[in-house]
Amino acid sequence: MNTDDRDLPLIKGLVGGPLGPSTADVDRLRARLAERADAEGLLDVAYRIVDSPFGALLVATTTDGLVRVAFEREVHDTVLANLASKISPRILPSDRRTDDIASQLDEYFAGNRRSFDVPLDLRLVVGFRRTVLCHLREIAYGTTESYVTVATAAGNPKAMRAVGSACSHNPIPFVIPCHRVVRSDGSIGQYLGGPEVKAALLALEAAT
Amino acid sequence: MKPFDQVVAEHGVIVWQVCRAVLDPADADDAWSETFLAAMRGYPNLRPDSNVRAWLVTIAHSKAIDQTRRIDRAPRPMERAAETPSTDGNPEPVDEDLRAALEKLPPKQRQAVIYHHIAGLSYAEVGALIDSSEAAARRSSADGIANLRRSYVRGTKR
Numbered sequence: 442m443n444t445d446d447r448d449l450p451l452i453k454g455l456v457g458g459p460l461g462p463s464t465a466d467v468d469r470l471r472a473r474l475a476e477r478a479d480a481e482g483l484l485d486v487a488y489r490i491v492d493s494p495f496g497a498l499l500v501a502t503t504t505d506g507l508v509r510v511a512f513e514r515e516v517h518d519t520v521l522a523n524l525a526s527k528i529s530p531r532i533l534p535s536d537r538r539t540d541d542i543a544s545q546l547d548e549y550f551a552g553n554r555r556s557f558d559v560p561l562d563l564r565l566v567v568g569f570r571r572t573v574l575c576h577l578r579e580i581a582y583g584t585t586e587s588y589v590t591v592a593t594a595a596g597n598p599k600a601m602r603a604v605g606s607a608c609s610h611n612p613i614p615f616v617i618p619c620h621r622v623v624r625s626d627g628s629i630g631q632y633l634g635g636p637e638v639k640a641a642l643l644a645l646e647a648a649t
Numbered sequence: 003m004k005p006f007d008q009v010v011a012e013h014g015v016i017v018w019q020v021c022r023a024v025l026d027p028a029d030a031d032d033a034w035s036e037t038f039l040a041a042m043r044g045y046p047n048l049r050p051d052s053n054v055r056a057w058l059v060t061i062a063h064s065k066a067i068d069q070t071r072r073i074d075r076a077p078r079p080m081e082r083a084a085e086t087p088s089t090d091g092n093p094e095p096v097d098e099d100l101r102a103a104l105e106k107l108p109p110k111q112r113q114a115v116i117y118h119h120i121a122g123l124s125y126a127e128v129g130a131l132i133d134s135s136e137a138a139a140r141r142s143s144a145d146g147i148a149n150l151r152r153s154y155v156r157g158t159k160r
């Protein structure tokens, strides 16, 4: 005899009619889990998805500060998997831990903010690339520098290619303004989010 | 190692079902949170080849049992209405008599029933969790169901 079929009504009685919680219940439970994990110091990486004029952005923070802003084309699940292996697998979505950067990005895209005021966690970048990114933070809103200028400022005038590579691997675009680095001939150059995004950002900054 | 968020998304429902098997919805919520907090604490040290679902089910079952003990210790406003069963035709989502019967099962039978029938683990996985062979796990589950059926039928007024 097939006991499993015969027992099904009995088993269903154990967990209620629909065999489990609703999606809304699970969402509520996940939000509460993130709060408690944060309070107990277990939430190593908190993230949220932010809507922007350039598509959905993933923003991730550690307890040290903002560690990652990722474009949709980078595939957010892949980005989270990388954060899990490079920082910690203790990752949950959390609005509270990402509120500051989310609202500052909104203001920036609306033309109402010229610089970001959040702590940064640069642990994903080392060596020369890190030197380059630290210099990029000094390029003012609405201005640009050439790859050569940045290479010189970072201590190696011949390292234009390395500067380009540092820009294209910038883990915190917008906030670290790699979009303000352009070619010496005035053309716009490459951008991880797409050259059209870079052009739009420069236009936004020139207009405000 | 997967982001913990993904573990919650994949196994959140099963964990809730395991908790709900011995608890009210509100208490199942608490046990669910306790389960994932404990899991999050240990997750970075979990061996890469571990069966994550089976690991979570074990934690969930033990947190749920902890929760029933906490509830038993807490003062109650009134005794459960077991002596005066409802006579209307609408059963509770979870039948109280059935749940009481589940809690009275010998531990191995109770675990085998929950792990296999509610959490959906195979008998081989159940066996590994309760320290039995696959065949013994199957037998524990069948015995558990038989006992449930007996006490449940005896306990209900139909």
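In order, the protein sequence lines correspond to chains X and V. My numbering numbers the first residue of the first sequence as 442 and each following residue consecutively. My numbering numbers the first residue of the second sequence as 3 and each following residue consecutively. Idealized CB from N, CA, C, for every residue including glycine.
Euclidean distance between Cα positions of residue i and residue j
i             : j             : result
residue 583/X : residue 8/V   : 40 Å
residue 610/X : residue 501/X : 16 Å
residue 5/V   : residue 16/V  : 18 Å
residue 114/V : residue 637/X : 59 Å
residue 43/V  : residue 526/X : 16 Å
residue 581/X : residue 486/X : 29 Å
residue 84/V  : residue 542/X : A caution first: residue 84/V carries a pLDDT of 42, below 50, which makes its placement in the model too unreliable to give a value.
residue 477/X : residue 39/V  : 8 Å
residue 574/X : residue 467/X : 40 Å
residue 21/V  : residue 33/V  : 6 Å
residue 50/V  : residue 561/X : 31 Å
residue 144/V : residue 117/V : 12 Å
residue 505/X : residue 61/V  : 31 Å
residue 617/X : residue 628/X : 20 Å
residue 104/V : residue 479/X : 35 Å
residue 540/X : residue 28/V  : 29 Å
residue 154/V : residue 535/X : 44 Å
residue 59/V  : residue 514/X : 36 Å
residue 621/X : residue 481/X : 40 Å
residue 554/X : residue 464/X : 37 Å
residue 568/X : residue 120/V : 52 Å
residue 98/V  : residue 112/V : 16 Å
residue 138/V : residue 148/V : 15 Å
residue 624/X : residue 576/X : 17 Å
residue 475/X : residue 612/X : 24 Å
Span of the alpha helix (DSSP H), counted from its first residue to its last, around residue i
i             : result
residue 522/X : 517 to 527
residue 487/X : That residue, residue 487/X, is in no alpha helix (DSSP H); its beta strand (DSSP E) goes 486 to 491.
residue 654/X : Here chain X comprises residues numbered 442 to 649, so residue 654/X is not present and cannot be evaluated.
residue 573/X : 568 to 577
residue 549/X : 540 to 550
residue 464/X : 464 to 480
residue 131/V : 125 to 131
residue 71/V  : 54 to 75
Where the beta strand (DSSP E) through residue i begins and ends
i             : result
residue 507/X : 507 to 511
Contacts of residue i in chain X (Cβ-Cβ under 9 Å)
i             : result
residue 35/V  : 470, 473, 474, 477
residue 129/V : Those within 9 Å of residue 129/V in chain X number zero; the least Cβ separation is about 17 Å.
residue 39/V  : 474, 477, 478, 481, 483
residue 10/V  : 467, 470, 471, 474, 533
Per-residue contacts from residue i into chain X (C-beta, under 8 Å)
i            : result
residue 45/V : 530, 531
Partner residues on chain V for residue i, Cβ-Cβ distance less than 8 Å
i             : result
residue 522/X : 4, 5
residue 491/X : What residue 491/X touches in chain V: nothing, since even the nearest Cβ is about 17 Å away.
residue 612/X : Per Cβ cutoff of 8 Å: no residues; residue 612/X is ~16 Å from chain V at best.
Coarse secondary structure for residue i, derived from DSSP in three states
i             : result
residue 532/X : strand
residue 495/X : coil
residue 3/V   : coil
residue 35/V  : helix
residue 108/V : coil
residue 645/X : helix
residue 50/V  : coil
residue 26/V  : coil
residue 44/V  : helix
residue 100/V : helix
residue 635/X : coil
residue 14/V  : helix
residue 640/X : helix
residue 114/V : helix
residue 20/V  : helix
Neighbouring residues, chain V, relative to residue i (Cβ below 7 Å)
i             : result
residue 525/X : 3, 4, 5
residue 516/X : The premise fails here: residue 516/X is roughly 13 Å from chain V at the closest Cβ pair, so nothing lies under 7 Å.
residue 534/X : 7
Residue i: contacting residues in chain X (beta-carbon distance under 7 Å)
i            : result
residue 31/V : 470
Heavy atom of the ligand ZN within 7 Å of residue i beta-carbon
i             : result
residue 154/V : Questions concerning the ligand ZN fall outside what the structure shown contains, since it holds no ligand whatsoever.
Query raised in the report: Which runs of the beta strand (DSSP E), 3 residues or longer, sit entirely within the region 134 to 159 of chain V?
Result: With a minimum length of 3 residues, no continuous beta strand (DSSP E) run stays inside the region 134 to 159 of chain V.
Query raised in the report: For the region 552 to 633 of chain X, which segments carrying the alpha helix (DSSP H) assignment without a break, of at least 4 residues, lie completely within its bounds, in sequence order?
Result: Listed in chain order, they are 568 to 577, 588 to 594, 601 to 609.
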